[in-house]
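A short write-up of the structure that comes next.
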Amino acid sequence: MPASDASRMTGICLDHLSLCDISALDLIAVAARLDCEAVSLFVTPLPLGPYRDLVQDSAARREVVAALKDTGLGLGIIEPFMIDAAPDWAGLERTAALAAELGADINALAFDDQPARLRDAMARLAQIARAAGTRMTIEGFSLSTVRTPADALALAQSSGDDVGITVDTLHVMRTGGSWADVAALPPERVFHVQLCDGTREPPADLATEAVAGRLPPGQGEFALEALLPLLPAQARIAAEAPFRAPEGLSPLERGRIIVDATRALFARAST
């Protein structure tokens, strides 16, 4: 690992899916206790957890802004930005404005199976992000219509020179990819990298694995040590590793397992 990458052992972004059963405020508190550099947040209600609507609820938004200021944490990406056949453009514009206010990138997932329409929609979302004063990144997600980093790159390139991609290690592996695929990406396009581990063989239920059955980085069979030297220096490194924890562990204890595992992975890779 290059010497400049040593700071990544402490500069970890804790993505909300890692502790998806807690609120944004609680995630910020956990990340601060664990000396993380940043968090990524769910900012509108989802079935996964107790997320307040930071777009519509100004009081909740002020609390999050204050917590970020008090802790000194930065923001990586905010979600959800799901592009289906009929996007809620007004809602997406409001959420992009929130991202700009908070200093976060917007992370787009694709669920439209019509390529031309999806391409136009992603270009429109990229323009919304520009107008708001933030950046857009497109994630390759194995359960979506943009499954691989190469798929995400093609859409990013058609959406503008300033559009990036999010690389999730689980989805690279579950689409039959390799770290060579990540190394082949234009480094300036890789905005956000989500680290988790897992088994070499996929489980029967990929959806459950994605939201609750991952492993902390370095505790599975993905050979993440081989990936780390390939990551662009400017990419934000996040831990996104919701795992099946022993019963009774607090969010702080679960977060510590994820963050400590991520730091241990970087330490091993640097020797």
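Heads up: the sequence shown begins at 25 in our numbering, then just goes up one per residue.
Note that beta-carbon positions come from the ideal geometry of N, C-alpha and C, so glycine has one too.
This one's a predicted model, so the numbers in the text were calculated from it and none came from an experiment.
Item, Value
"Residues of its chain near Gly157, where Cβ-Cβ distance is below 6 Å and the 5 sequence neighbours each way are ignored", "Ala124"
"Option in Asp45, His40, Leu41, Leu38 with minimal Cα separation from Leu273", "Asp45"
"Met160 - partner residues in DSSP beta bridges", "Ile130"
"Test item: CB-CB of His216 and Ile101 under 8 Å", "yes"
"Given Pro240 as reference, the closest of Pro227, Leu51, Leu255, Ala262 once Cα atoms are compared", "Ala262"
"Element boundaries [beta strand (DSSP E), containing Pro104]", "98–107"
"Cβ pair Leu97, Ala56 closer than 8 Å", "yes"
"Nearest-angstrom Cα separation, counted from Phe105 out to Leu248", "28 Å"
"Which residues DSSP lists as bridging Ile52, in chain order", "Paired residues: none, contrary to the question."
"Simplified DSSP assignment, three categories, for Pro26", "Below a pLDDT of 50, predicted positions are generally treated as unreliable, and Pro26, at 39, falls in that range; the measurement from the model is reported next regardless. If DSSP states are grouped into helix, strand and coil, Pro26 belongs with coil."
"Stretch-stretch touch, CB-based, cutoff 8 Å, three pairs: the stretch 133–146 with the stretch 173–180", "yes"
"Minimum length 4: unbroken alpha helix (DSSP H) runs contained in the stretch 186–228", "193–198, 203–207"
"Ala30 versus Ile36 - alpha carbon distance", "Residue placement at Ala30 is poorly supported in this model, since its pLDDT is 48, which falls under 50; the coordinates are not used for a value here."
"DSSP three-state assignment for Gly272, whether helix, strand or coil", "coil"
"Contacts around Leu251, its chain only, beta-carbon distance under 6 Å, and the 5 residues preceding and following it disregarded", "Trp203"
"Rounded straight-line distance, which links the Cα of Asp112 to that of Met25", "With a pLDDT of only 34 at Met25, under the threshold of 50, the placement of this residue in the model should not be trusted; the figure read from the coordinates follows. Their backbone Cα atoms lie some 43 Å apart in a straight line."
"Three-state secondary structure (DSSP) of Val88", "helix"
"Residue of Arg213, Leu219, Pro275 minimising C-alpha distance to Leu289", "Leu219"
"Per DSSP, cross-strand counterpart(s) of Ile261", "Val217"
"Cβ-Cβ distance between Thr193 and Thr172 below 8 Å", "no"
"For Phe66, the three-state DSSP class (helix, strand or coil)", "strand"
"Coil, strand or helix - Leu239 by DSSP", "strand"
"Spatial distance of Val300 from Ala208 (CA atoms)", "Here the chain covers residues 25 to 295 and nothing more, so residue 300 does not appear."
"One or two residues paired with Leu167 in a DSSP bridge", "BP columns for Leu167 are empty, so no partner."
"Candidates Ala269, Met197, Ala91, of which the one nearest Arg224 by Cα", "Met197"
"Close-in-space but distant-in-sequence residues of the same chain around Glu299 (CB under 6 Å, 5 per side omitted)", "Here the chain has residues from 25 to 295 only, and residue 299 is not among them."
"Residues near Glu264 by beta carbon distance below 6 Å, same chain, minus five either side", "Asp39, Leu41, Ser42, Gln218, Cys220"
"Status (buried if at least 16 other CB within 10 Å, exposed otherwise) for Thr190", "buried"
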